[in-house]
Amino acid sequence: MHIAAAQFTPSADVTANLSRIEALADEAAGAGVQILVLPEESMAQTGLLHGSLAPFASEHWVAFRDGLCRIAADSGIALIASGLEPSGLPRPFNTILAVDTDGTVSGSYRKLHLYDAFAYQESGRIQPGSDLPPVVDLAATRVGLVNCYDLRFPELTRSLIDAGAEVIAVTAAWMTGRNKEDHWTTLLRARAIENTVWVVASGNAAVDCIAGSKIIDPMGIVVADAGESDHGWCSAKVSRERTAQVRHKLPALTNRRIALEYTVRPKIFIKAAVNGGRELSETPLVPLSPTEIAAEAAASVRAGADVVHAHARTPDGGQTIAPEHIAALVRAVRDEDPRIVVGTTTGLWTCDGHADRMDKINSWQEDLLPDFASVAFCEEGAAEAAEAVISRGMLLESAVWSMEDVPALLASPTLHQNIRVLIEPLAEDPDQAVRDCREIAEALRAGGVTAPLLYHGLEGTTWPVVRAAIEDGVEVRVGIEDVVHDERGEIASNSMQIAEALRIYDEVHTTTA
């Protein structure tokens, strides 16, 4: 089997990109190549597209798919390439298409692992897939599909091996940066070595990508390399005999003693806000004492929460950030389960003004600090409070309540030290609250915010905002602090609200699948 990995620099013009693909396919087919792997973003370089990618995907996806099918049929070569597939949501999928030599689509794969790393946030514009990648039949060869950042998750490639893949095809736009080229080569060779399999990897040649298309044999030897050229390809004869030879010498797959089952977790990050300032008269389910808060935190994590946000309470039920009460809250949670990630507020309503807030934060007990703390940028002294959180060694969440808060956050010295940025709309009308979330999110991204965003509403806007967060692929907050009932209006504990958020996630993604 003669397989090639191509590289080129995609533009924002789908027709022009198809012409480049056709030229590469004709060259490769003329040299006897039967399968050609093309880069991630072959349909269009997303960095050249501004705003939402959904309209572009809706307008051009069918033309891109049909163009690949035509090129494959005309040249008699199988093609693997990625593009933007409409999802029915505000963000399209990053989808690999595998087209056989007769021009039929053998399979497709919606990228599972989005590149939310190295200060880049792919999930801000792309909807993650929800299924493991397939093994497709191309030119009588079983090929497993991998998309760029997936390469850093060895279990994904192993799932393809267990499904019978003879070749792993990697389509990538591997970004430049310190050690990144070394990571690319090392990870490609690692996936080949640990699975004793051929790896054929295509790299995007855009200015911010490394290109570096390669073919690696089952022993991890690089047998072909396209280097740094802006337009070209490399090829090799990929043989089952070489695979069998290597696996006879190195029977690592046969020697495995660990049986794996592969499932895909929902791509949803949930923060449980377990009490806030709620009183027992509002819901009997609100936790108030440190012991109650700790038990509720543990129950929330068991239900699916990733982190917990809690307000320390005084014996009479008031909210406080006094050092002794923060220490009691954190101690109780860690005694319950030291793995729980717990945070708290720094809100001015918990103390006697900004100076008092600073005194209290700086007096929090060193060995009983929360893991993270939230600072609202609508408040006096927010930037100073944020710096205090960082200087004390905690993770920082910054919150904006309206567009008026955005400039203060963007000007803050801690802007790029946030673990996440919270968007908390003030509007009581659900539709307006959702619009406000999206407007603020757009302004934050335009202002350079790369941290994950989180939407959360209050009372009647809570569940519409949860739905919007899930549709937009941002983080979600639910809990008794925000609302005391589920989407149907029934009184709900924090755990029940987390289950409701997961149900909505499944509903949204089932509807749009």
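Heads up: the sequence shown is residues 3 to 515, going by my numbering. Cβ coordinates follow ideal geometry from the N, Cα and C atoms, glycine included.
In the DSSP assignment, arginine 112 is bridged to Thr97. Residue burial is scored here from C-beta neighbours: proline 317 has fewer than 16 other C-beta atoms within 10 angstroms and is therefore classed as exposed.
Spatial neighbours of leucine 55 in its own chain (CB-CB distance under 8 Å, excluding positions within 5 residues in sequence) are listed in chain order as Thr48, Leu86, Arg93, Pro94, Arg127, Ile128. Comparing C-alpha distances from alanine 167 to each of Leu153, Ile195, Trp176, Val138 shows the shortest one belongs to Val138. If you keep only unbroken beta strand (DSSP E) runs of at least 3 residues inside the region 131-170, you get 137-140, 143-149. Straight across, the Cα-Cα distance linking threonine 416 with isoleucine 163 is about 44 Å. DSSP places cysteine 211 in the strand class (E or B) of the three-state scheme. Inclusion of proline 136 and glycine 109 in the CB contact set at 8 Å is warranted, their separation being smaller than that value.
Contact annotation, alanine 334 with alanine 296: C-beta distance approximately 4 Å; criterion of less than 8 Å satisfied. Secondary structure note for tryptophan 235: its beta strand (DSSP E) is the uninterrupted segment 234-239. Inside the region 243-269, DSSP marks whole alpha helix (DSSP H) runs of 4 or more residues at positions 254-257, from first to last along the chain. The beta carbon of phenylalanine 66 sits closer than 6 Å to those of Val16, Met45, Gly85, all from its chain and outside the five residues before and after it, given in chain order.
Fewer than three Cβ pairs drawn from the region 186-193 and the region 21-40 lie within less than 8 Å of each other, which leaves the two stretches out of contact. Taking each of Leu504, Gly222, Ala388 in turn and checking the Cα distance to valine 303, the smallest one comes out for Leu504. Leucine 70 is not a Cβ neighbour of valine 39, given a cutoff of 8 Å.
Between leucine 371 and valine 332, the gap from beta carbon to beta carbon is short of 8 Å. In the DSSP assignment, leucine 412 falls within the alpha helix (DSSP H) that extends over 408-412. Taking the C-beta atoms as reference points, lysine 273 is found nearer than 8 Å to histidine 311. Burial check for isoleucine 442: the Cβ neighbour count within 10 Å reaches 16 or more, so the residue is buried.
Contact check for isoleucine 23 against alanine 83 passes: the beta carbons are separated by less than 8 Å. Exposure of tyrosine 264 is indicated by the presence of fewer than 16 other C-beta atoms within 10 angstroms of its C-beta. Within the region 301-369, the complete alpha helix (DSSP H) runs of at least 4 residues fall at 325-338, 356-365. Put simply, of Glu294, Ser77, Glu230 the residue whose alpha carbon is nearest the alpha carbon of valine 209 is Glu230. Under the three-state reduction of DSSP, valine 436 is assigned to helix. Inclusion of aspartate 431 and glycine 459 in the CB contact set at 8 Å is not warranted, their separation being larger than that value. In this structure, DSSP gives glutamate 230 a state outside helix and strand, which the three-state scheme calls coil. For tryptophan 200, the enclosing beta strand (DSSP E) begins and ends at 200-205. Annotation: the region 477-506 contains no complete segment of the alpha helix (DSSP H) (minimum length 4 residues). Counting along the chain, the unbroken beta strand (DSSP E) around histidine 4 starts and ends at 4-9. For alanine 274, the enclosing beta strand (DSSP E) begins and ends at 272-275.
A residue is called buried when at least 16 other Cβ atoms come within 10 angstroms of its Cβ; lysine 216 meets this threshold and is buried. For arginine 267, the number of other beta carbons within 10 angstroms of its own is below 16, and it is reported as exposed. Excluding its 5 nearest sequence neighbours in each direction, alanine 14 has C-beta neighbours in its own chain below 7 Å: Ala46, Gln47, Leu50, Leu51, listed in chain order. Between valine 169 and valine 148, the gap from beta carbon to beta carbon reaches 8 Å or more.
Note on methionine 405: under 16 other CB atoms within 10 angstroms of its CB, so exposed under the neighbour-count rule.
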